[in-house]
Structures are given as C-alpha cells and as structure tokens.
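Some notes on the structure that comes next.
The following block contains the structure:
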C-alpha cells in the first residue's frame, strides 16, 4: 500500500484553551496523524467515526488536514484515545480492502480483455464463417 493509504496517529495533543472566553464544555484533544489523509480515506473514516460516535455518545471526531480533533474529559482520556486509534486502524483496513477489491476488478477486466483479443484473432483467422456452420 502507498504511504498515504495507511494513516497512523503519531501523538496526541491537549489543546490549552484556558485563556479563551468562549469555549466548549469539554476540552479538545487533537491526534496528530502521520500525513494528511486523502479524501477517499476520509470518507471511509467518516462512516466508521459516525458508527463509533453512536456507540459512544459525546464522542465527536473530525479531521482537519493532518489532525483528528475530538473532545475528552481528563478522566476518560485513555479510553477516548483508544477509541480514536481504533477508528483510524479500522479505516485503514476498510480502505485497504476497498483498494484491493478495486485492483482485483481492474486485473480481472484486463484478463477479460486479453481473452477477448485472443478469441477475436481466432475468429478473424477463420472469417468469414462457412455457410453451413452458421
């Protein structure tokens, strides 16, 4: 797989917004990703993230460039980070499976084209067909 196909979390960063007046109730954390995931990867992530968010109310994940943001209370930081990590790994697996399936479809189609070319060559070699064999 190409390097942009497999995204990893390099580290987590708590955002210190203590000096800001207008801030959300739950502090923000950002997972620094190993690269900015391509759009197709992010679409797979969105599906997985929404499913995980439904199973864990209060968890919201969003990707901006090479960062994955979410909110977590300090008491739940370990669990939240694990869930985010699980979402990223699961997305990698989903994305890889989709890529492999696409590559197989392309390979199968190319094989079909090669088979068709061979059959057409045989047909052309014996063209036109004999009148009695039609």
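In my numbering, the protein residues as written are 4 to 137. Beta carbons are placed, not taken as given, at the ideal position from N, Cα and C, and that holds for glycine.
On the premise that residue 66 lies in contact with residue 40, defined as a C-beta separation below 8 Å, what is that separation, rounded to the nearest angstrom? 7 Å
Mind checking which residues open and close the alpha helix (DSSP H) that includes residue 110? 80–128
Applying the 10 Å Cβ sphere with the 16-neighbour rule, what's the burial state of residue 123? exposed
Three Cβ pairs or more, each shorter than 8 Å: is that satisfied between the stretch 105–124 and the stretch 88–95? no
Given a threshold of 16 other Cβ atoms within 10 Å of its Cβ, counted over all protein chains shown, does residue 87 qualify as buried or as exposed? buried
Within the chosen definition, does the stretch 19–38 reach the stretch 52–59 through at least 3 CB pairs nearer than 8 Å? no
With which residues is residue 72 paired in a DSSP beta bridge? 33, 65
Please state whether DSSP places residue 58 in a helix, a strand or coil. helix
To the nearest angstrom, how far is the alpha carbon of residue 12 from that of residue 91? 8 Å
Report buried or exposed for residue 52, applying the criterion of at least 16 other Cβ atoms within 10 angstroms of its Cβ. buried
On the DSSP letters alone, give me the boundaries of the beta strand (DSSP E) that residue 15 sits inside. 12–17
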